[in-house]
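From first to last, the protein sequence lines stand for chains A and B. Following the numbering used here, the numbering of the first sequence begins with 1007 at its first residue and continues without gaps. Following the numbering used here, the numbering of the second sequence begins with 305 at its first residue and continues without gaps.
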Amino acid sequence: MNHSYFNDVVVYGPGFMAASWLVLWLTISTIIVSWICGLAAALAQRSDWIAVRGVAEFYIWFIRGTPALIQIFIIYFGLPQLGLRLSPFSAGVFALGINSGAYVAEIIRAGLSAIHKGQMESSFALGFSRAQTMRTIILPQVLRIILPAITNEAISALKNTSLLSTITVVELTLYAQTLISATFRPFDFYIAVALIYLALTTMLTQLANWLERHYARMS
Amino acid sequence: MSPAPAPLLRLNGIRKSFGTLEVLKGISLDVVQGEVVSIIGASGSGKSTFLRTINAMEIPQQGTIDFGNFSFDWSGSAGRRPSAQQLQQLRTEIGMVFQSFNLWPHMTVLQNVIHAPVMLRGVKKPKAISDAETLLDRIGLLEKRDAYPAKLSGGQQQRVAIARALAMKPKLMLFDEVTSALDPELVHEVLTLMASLAAEGMTMLLVTHEIAFARDVSDRVLFFDQGVIAEQGHPDQVLRDPESPRLRQFLHRILHNDTRHEVSP
Chain A
1007 MNHSYFNDVV VYGPGFMAAS WLVLWLTIST IIVSWICGLA AALAQRSDWI AVRGVAEFYI
1067 WFIRGTPALI QIFIIYFGLP QLGLRLSPFS AGVFALGINS GAYVAEIIRA GLSAIHKGQM
1127 ESSFALGFSR AQTMRTIILP QVLRIILPAI TNEAISALKN TSLLSTITVV ELTLYAQTLI
1187 SATFRPFDFY IAVALIYLAL TTMLTQLANW LERHYARMS
Chain B
305 MSPAPAPLLR LNGIRKSFGT LEVLKGISLD VVQGEVVSII GASGSGKSTF LRTINAMEIP
365 QQGTIDFGNF SFDWSGSAGR RPSAQQLQQL RTEIGMVFQS FNLWPHMTVL QNVIHAPVML
425 RGVKKPKAIS DAETLLDRIG LLEKRDAYPA KLSGGQQQRV AIARALAMKP KLMLFDEVTS
485 ALDPELVHEV LTLMASLAAE GMTMLLVTHE IAFARDVSDR VLFFDQGVIA EQGHPDQVLR
545 DPESPRLRQF LHRILHNDTR HEVSP
């Protein structure tokens, strides 16, 4: 054993950096997809139409009751059988976004139920439509309430990107595995991966804390 | 003899049921411009539900409403059943204040007041702000313009809620037990504001338990009982010399607990 860690950073650093950027992009894309799915499902659950409610209920039930890994496999390996072939990146983002969306929907639903019905009434009484009321009165309040829960969900989404190593997305985990198979140093590289994830999740938490303080000043 | 003015608001045969429970059993009412009408009655008599049917916060099953350019038939005959857009239009011209204030906690006092004029009337923001400042000055809360509602007392919140409704320049104001959630020492400031509105000629309908206020400020008092207007008339007559035993009983009960806010209009 005769190597310097400084040398490792020089040799493998750029590769880890690129993989970290990919994780960041995967996470941001996943969060966007999950918020769209989650908001749509949460609002659909309050729809006047039973069929719309039914679709939302089924979505949440199916996603929460099956493993994320299987959902990823269905989209990446399963859909091509039906003629829909996605790149590993797209398949991964859709799979993780749809998965996380079900949890986001539950978080938003809880947030919505925490808003007093008088908030909607006073808005309707002034002449606002349902959509205007949701957008300008209800959702801004819900966002503040759900910020801690939604942060946890974003952190899960970030960590779940490691599952995409199984569908050839060269994110941190798969990158480390290729290095390990060449160098036989699993401890070093998995520790390095863990530390990078830790740095990323800590950044996300800090961002959420800052937002929470920002909103706390306002009320 | 001057001709009777055309009513600002005309309701005819308003009926409303929740399931099998009939809450409003065919209510008809004309309100003229500038009139102040107080509605009293025991809880469950239908008075709040009735008030809420006027701006369609509750949708009646039957009856007609005529208000300004609006003419709706709730039973849906002759295609006069209003669309969602028509209901929103109607509501922009009728102000409503609630028991629980319902200010929006994520907006400052000023933002609460300008939100509807800017979004619904297309008023330019600088104009909306100066209008709002005039209103806030009038209710004595101009220095709170940048405060969030959580920092205000209940009485202050309710005054802002009134200002928020007034910012839309409504032709009619509905007050639904607006002092019932307030600490006794805060009731007076809200009633004083309402009395000054009445004195300026605002057309108002109010559901209230403040009998002294109803007597001092109203042109007419309606007594609701079991979904009908059981008795109505000038406050001196209805409140001092009630005809029906049920109203006599009701007044007796409520005056025992009345805090007697004397407000001169």
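Glycine included, C-beta positions come from ideal geometry on N, C-alpha and C. Remember, predicted model here, so these are calculated numbers, not experimental data.
| Asked | Found |
| --- | --- |
| Buried versus exposed, by CB contacts within 10 Å (16 or more), residue 459(B) | buried |
| Integer Cβ distance of residue 508(B) from residue 502(B), believed to fall under 8 Å | 6 Å |
| For residue 1072(A), the three-state DSSP class (helix, strand or coil) | coil |
| Against chain B: residues of the segment 1025-1044 of chain A by CB proximity under 7 Å | none |
| Proximal chain B residues relative to residue 1131(A), where beta-carbon distance stays under 7 Å | 359, 361, 395 and 400 |
| Distance, residue 1062(A) Cα to residue 536(B) Cα | 51 Å |
| Any C-beta of chain A under 8 Å from that of residue 420(B) | yes |
| Residue 335(B) versus residue 480(B): straight-line alpha-carbon distance, rounded | 17 Å |
| Any chain B beta carbon closer than 8 Å to residue 1140(A) | no |
| Endpoints, the beta strand (DSSP E) within which residue 532(B) is located | 532-537 |
| Simplified DSSP assignment, three categories, for residue 1021(A) | helix |
| As assigned by DSSP and simplified to three states, the class of residue 569(B) | In this prediction, residue 569(B) has a pLDDT of 46, which is less than 50 and means its spatial position is unreliable; what the coordinates show is noted afterwards. Coil. |
| Within 8 Å, strictly: CB atoms of residue 386(B) and residue 320(B) | no |
| CB contact check: residue 309(B) to chain A, cutoff 8 Å | no |
| Counterpart residues of residue 345(B) in DSSP-defined beta bridges | 528(B) |
| Residue 1146(A) at chain B interface by Cβ criterion, 8 Å | yes |
| Buried or exposed by the 16-neighbour rule on C-beta atoms within 10 Å, applied to residue 505(B) | exposed |
| Within-8 Å CB hit, residue 410(B) to chain A | yes |
| Three-state secondary structure (DSSP) of residue 320(B) | strand |
| Assigned exposure category for residue 1089(A) - 16 Cβ within 10 Å defines buried | exposed |
| Closer than 8 Å to chain A by CB, residue 289(B) | There is simply no residue 289(B) to check, as chain B begins at 305 and stops at 569 in what is shown. |
| Beta-carbon neighbours of residue 406(B), restricted to chain A and to distances below 8 Å | 1122, 1124, 1125, 1127 and 1128 |
| N- and C-terminal bounds of the beta strand (DSSP E) containing residue 551(B) | First-last for residue 551(B): 549-559, but that is the alpha helix (DSSP H), not the beta strand (DSSP E). |
| Endpoints, the alpha helix (DSSP H) within which residue 400(B) is located | Residue 400(B) -> not in any alpha helix (DSSP H); beta strand (DSSP E) instead, spanning 398-401. |
| Any chain B beta carbon closer than 8 Å to residue 1053(A) | no |
| Rounded straight-line distance, which links the Cα of residue 1175(A) to that of residue 1169(A) | 9 Å |
| Proximal residues of chain B, C-beta to C-beta of residue 1150(A) below 8 Å | 410 |
| Cutoff 8 Å: residue 498(B) Cβ touching any chain A Cβ | no |
| DSSP three-state assignment for residue 1090(A), whether helix, strand or coil | coil |
| Neighbourhood of residue 1196(A) by C-beta distance below 8 Å, restricted to the same chain and skipping five residues each side | 1182 and 1186 |
| For residue 508(B), the residue or residues it bridges with in DSSP | 340(B) and 477(B) |
| C-beta atoms of residue 331(B) and residue 527(B) nearer than 8 Å | no |
| Alpha-carbon spacing of residue 456(B) relative to residue 1172(A), whole angstroms | 56 Å |
| Proximity of residue 367(B) and residue 478(B) at Cβ, strictly below 8 Å | no |
| Candidates 462(B), 443(B) and 409(B), of which the one nearest residue 454(B) by Cα | 409(B) |
| Separation of residue 338(B) from residue 552(B), as counted between CA atoms | 28 Å |
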